[in-house]
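**Q**
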Amino acid sequence: MTKYGRQLGIGPTDNTSNERTPRNKLNLIPEAARTSFVPYAPRAHSINLAEADMTRIAPGRPRASGEAIKVSGKLMDEYGRPIRNALIEIWNANQHGGYTHDEDHSGLPIDQNFLGIGRTLSSSDGNYEFWTIKPGAYLARPDIGRWRPPHIHVSIIGGSSRLISQMYFPNDPHNAKDPMRILMGDSFEANIGKKYIVTDGDFDCGYNFDIIIGGKNPTFFENNIT
Amino acid sequence: MTYSNKEINRLTPTNEDTVGPYYPPSLCENNNSLDMTNIRSGIVFKPLGEKITIKGCVKDIDGKLSNGCLLEFWQPNSQGFYYRPDTESHEMVDPWFTGYARHRTKDGNFSLTTIKPGVADGRAPNITVTLFSDGIMRLVTQLFFADEKSNSDDPLLLSIPEELRERLMINKVAHNEYEIEIIMAGNNETPFFDDLLS
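In the order they appear, the protein sequences are chains D and S.
Mind the numbering: the first sequence is residues 1 to 226 in the working numbering, read in order.
Mind the numbering: the second sequence is residues 227 to 424 in the working numbering, read in order.
This is the structure we're talking about:
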């Protein structure tokens with residue numbers, strides 16, 4: 001007998017979401033198969049420390065234009081336990097809203113000093129920090145005037161932890177109509193970076209973004225071993 | 227609907243969000259190749275088992291190929307053992323096979339070279355797939371091999387209606403060559419599973 005989980009929502013005004021969102025409810029995983037749904041990514045990550053600084057393409061190169069910001073926080077499971085040594089991948093648009101991806105055909109200006117792709121590892125306490133340029137908003141649906149608010153994409157792979165999400169910015173006027181933000185409802189708060197003052201270095205400000213990975217997967221093996 | 231735990235004294239999870247259209251392909255390991263049989267190139271050691279190729283695609287509600295999807299695969303070795311922290315020193319683990327690979331498909335097609343998975347823990351041979359795409363949150367499912375007798379006893383297949391089971395079947399098309407279509411929405415939609423509420 002089938003047991004059902006979540007019904008995924010379709011993002012309003014998002015054509016791709018309409019084309020790609022499953023119409024059936026997700027199925028719950030029976031206990032006898034649960035462990036097999038915990039992929040374990042091998043730790044093959046070799047990271048150059050400079051990859052956490054997205055404000056320059058390489059050390060010593062000119063700084064990218066726009067507001068330089070720090071983004072930092074702690075990676076945890078639902079119980080507040082740190083997720084250590086996880087690979088954190090970051091990608092975001094430049095100050096004009098343009099990506100360096102060769103499939104971005106928006107025609108928005110590209111900054112020769114901004115790659116918009118970075119990586120770092122969480123520390124033994126689960127903490128992380130990266131530097132980037134505050135991304136601009138861009139017009140996602142010119143036909144109806146709907147924008148994508150400024151956002152930073154994050155991808156976490158750490159042992160059995162997996163999350164792809166986005167950090168949004170507080171009080172941005174475009175937040176309200178974003179399709180995925182609408183689906184999140186009140187819990188959107190969890191995806192907003194909290195602004196803080198940065199006194200060291202030449203930064204506009206910082207944003208604190210604690211990342212909590214839900215469900216049983218994040219520390220599945222730790223829980224079962226000890 | 228988003229996921230939230232209902233228990234007090236737990237932290238509110240960060241919402242999953244769409245990967246969007248611009249996941250950087252360069253972030254995937256091994257130059258984006260989707261070959262689990264060659265985790266350490268240029269050496270004589272190879273994983274044990276039957277080397278197979280699975281040609282697949284991801285389609286949307288209109289039957290169009292879905293560009294820009296990020297795909298992740300996870301499976302046990304030919305003897306049915308997963309390479310995990312709790313098994314890594316076990317003699318049945320194949321040191322030349324981690325069972326994990328990921329890849330961003332530009333056009334919606336993919337070709338996975340791997341070892342046919344063995345029978346693990348009372349399960350029929352299967353491959354776990356995690357799928358990220360623009361417009362949706364993370365999706366997970368498992369794919370099975372149509373010609374395996376053990377499918378009839380698999381607890382995951384038995385947990386879904388019989389008429390949906392064939393949608394999770396990888397079909398053999400030639401010696402060591404298989405095919406699968408993953409359909410994200412609509413007619414013949416692939417069954418997906420909920421690993422946050424399960």
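Positions of the beta carbon are idealized from the N, C-alpha and C atoms, including for glycine.
Keep in mind the model is a prediction, meaning the values are calculated, not measured.
1. Tell me where the alpha helix (DSSP H) around T339(S) begins and ends.
2. In the structure shown, what three-state DSSP assignment does L237(S) receive?
3. Going straight from the alpha carbon of E415(S) to that of D421(S), what length do you get?
4. Compare the C-beta of M363(S) with all C-beta atoms of chain D and state if any pair is closer than 9 Å.
5. In whole angstroms, what separates the C-alpha of N231(S) from that of N413(S)?
6. Step through the CB atoms of chain D and report whether any lies within less than 9 Å of the CB of E389(S).
7. DSSP state of R63(D), grouped into three classes?
8. Whose C-beta lies closer than 7 Å to the C-beta of G118(D) among residues of the same chain, with five residues either side of it excluded?
9. Quick one: what does DSSP say L296(S) is sitting in, helix, strand or coil?
10. Can you give me the start and stop residues for the beta strand (DSSP E) that E389(S) sits inside?
11. Run down chain S in chain order and give the residues with a C-beta less than 8 Å from the C-beta of W131(D).
12. Where does T35(D) sit, in a helix, a strand or coil, going by DSSP?
13. Could you give the residue range of the beta strand (DSSP E) that holds T354(S)?
14. Taking DSSP as the reference, what is the three-state secondary structure of T226(D)?
15. For N18(D) and P142(D), what's the separation of their Cα atoms in angstroms?
16. Within 9 Å (strictly less), CB to CB, does T416(S) reach chain D?
17. What span of residues does the beta strand (DSSP E) with S165(D) cover, start to end?
18. Whole angstroms are fine: how far does the CA of I197(D) sit from the CA of I408(S)?
19. Go through its chain and collect everything with a Cβ distance to E314(S)'s Cβ below 8 Å, but skip five positions before and after it.
20. Please report the straight-line C-alpha distance between L291(S) and E405(S), rounded to a whole angstrom.
21. Determine the DSSP secondary structure at E317(S), reduced to helix, strand or coil.
22. In terms of residue numbering, what span does the beta strand (DSSP E) encompassing R330(S) cover?
23. For N208(D), which residues does DSSP report across the bridge?
24. Along the beta strand (DSSP E) that carries N92(D), what are the first and last residues, could you check?
25. Return no unless some Cβ of chain S is closer than 9 Å to the Cβ of N208(D).
26. Can you give me the start and stop residues for the beta strand (DSSP E) that S17(D) sits inside?
27. Just curious, the beta strand (DSSP E) that I278(S) is in, first and last residue?
28. Scan the region 26 to 48 of chain D for residues whose Cβ lies nearer than 7 Å to a Cβ of chain S and list them as they occur along the chain.
29. For E370(S) and chain D, any beta-carbon pair shorter than 9 Å?
30. Check whether chain S comes within 9 Å of N24(D), counting only Cβ atoms and requiring the distance to be less than that.
31. Just by C-beta distance, which residues in the region 182 to 214 of chain D are closer than 9 Å to chain S?
32. For the alpha helix (DSSP H) holding I182(D), just list the boundary residues, first then last.
33. Taking DSSP's pairing of strands, which residues face G228(D) in a bridge?
34. Would you mind sorting T2(D) into buried or exposed? The rule is 16 or more other CB atoms within 10 Å of its CB.
35. Looking only at C-alpha atoms, which of S252(S), I280(S), P247(S), R391(S) sits nearest to Y400(S)?
36. According to a CB-to-CB cut-off of less than 8 Å, which residues of the region 237 to 249 of chain S neighbour chain D?
**A** Looking at the coordinates:
1. Taken as a continuous stretch (DSSP letters only), T339(S) belongs to no alpha helix (DSSP H), being part of the beta strand (DSSP E) at 335 to 341.
2. coil
3. 18 Å
4. yes
5. 32 Å
6. no
7. coil
8. E51, A52, M54, I90, F130, T132
9. strand
10. First-last for E389(S): 388 to 391, but that is the alpha helix (DSSP H), not the beta strand (DSSP E).
11. Simply none; closest approach about 17 Å.
12. helix
13. 352 to 358
14. Low confidence applies to T226(D): its pLDDT is 31, below 50, so where it sits in the model is not reliable, and the reading given next is rough at best. Three-state result, T226(D): coil.
15. 18 Å
16. yes
17. 161 to 168
18. 47 Å
19. none
20. 15 Å
21. coil
22. 326 to 331
23. S72(D), K194(D)
24. 87 to 92
25. no
26. Where S17(D) is concerned, there is no enclosing beta strand (DSSP E), although the alpha helix (DSSP H) it sits in stretches over 15 to 20.
27. 277 to 285
28. L26, N27, L28, I29, P30, A32, A33, R34, S36, F37, P39, Y40, A41, P42, A44
29. In the sequence as presented, Glu is not what sits at residue 370(S); that position holds Phe. With 9 Å as the cut-off, F370(S) does not count as an interface residue toward chain D.
30. yes
31. L183, M184, G185, S187, F188, E189, A190, N191, F209, D210, I211, I212, I213, G214
32. 179 to 184
33. Residue 228(D) lies beyond the range of chain D shown here (1 to 226); nothing can be said about it.
34. exposed
35. Looking at the sequence provided, one finds Ala at residue 400(S) rather than Tyr. Out of S252(S), I280(S), P247(S), R391(S), I280(S) has the C-alpha closest to the C-alpha of A400(S).
36. L237, T238, P239, T240, N241, E242, D243, T244, V245, G246, P247, Y248, Y249
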